[in-house]
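**Student:** What follows is a single structure, and I will ask about it in a moment.
Residue numbers (this note's numbering): 645 to 710.
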């Protein structure tokens, strides 16, 4: 049986916390900042923890080795 490999796109986009939650960059900051409110732009800085249902998919399918 071949080894399960981590998806190379996923290892660039996601990290796991010590408790197994998935950290990802904030969505919605690529373009069109002029129409966003300043509050929205501020809140989308940095990273965020994915919802549990999304994190489960990432951990099982894309990051099998953690």
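Just so you know, even glycine gets a beta-carbon here, dropped at the ideal spot from N, CA and C.
Can the beta-carbon of residue 699 be found less than 7 Å from the beta-carbon of residue 666?
**Tutor:** To locate residue 699, count along the chain shown from 1; it is residue 55. To locate residue 666, count along the chain shown from 1; it is residue 22. Contact flag set, yes.
**Student:** Taking the alpha-carbon of residue 692 as reference, which of 705, 671, 707 has the nearest alpha-carbon?
**Tutor:** Translated into the one-based positions of the chain shown, residue 692 becomes position 48. For the residues 705, 671, 707, the minimum Cα distance to residue 692 belongs to 671.
**Student:** Rounded to whole angstroms, what is the Cα-Cα separation between residue 656 and residue 669?
**Tutor:** Here residue 656 corresponds to residue number 12 of the chain shown, with the count starting at 1. Here residue 669 corresponds to residue number 25 of the chain shown, with the count starting at 1. Roughly 10 Å between the two C-alpha positions.
**Student:** Got a sec? Which residues, its chain only, sit under 6 Å from residue 709 by beta carbon, not counting five neighbours each side?
**Tutor:** Here residue 709 corresponds to residue number 65 of the chain shown, with the count starting at 1. Correct list, in chain order: 650.
**Student:** Using only the alpha-carbon positions, how far apart do residue 663 and residue 647 sit?
**Tutor:** On the chain shown, residue 663 is found 19 positions in, with the first residue counted as 1. On the chain shown, residue 647 is found 3 positions in, with the first residue counted as 1. Computed Cα separation, rounded: 24 Å.
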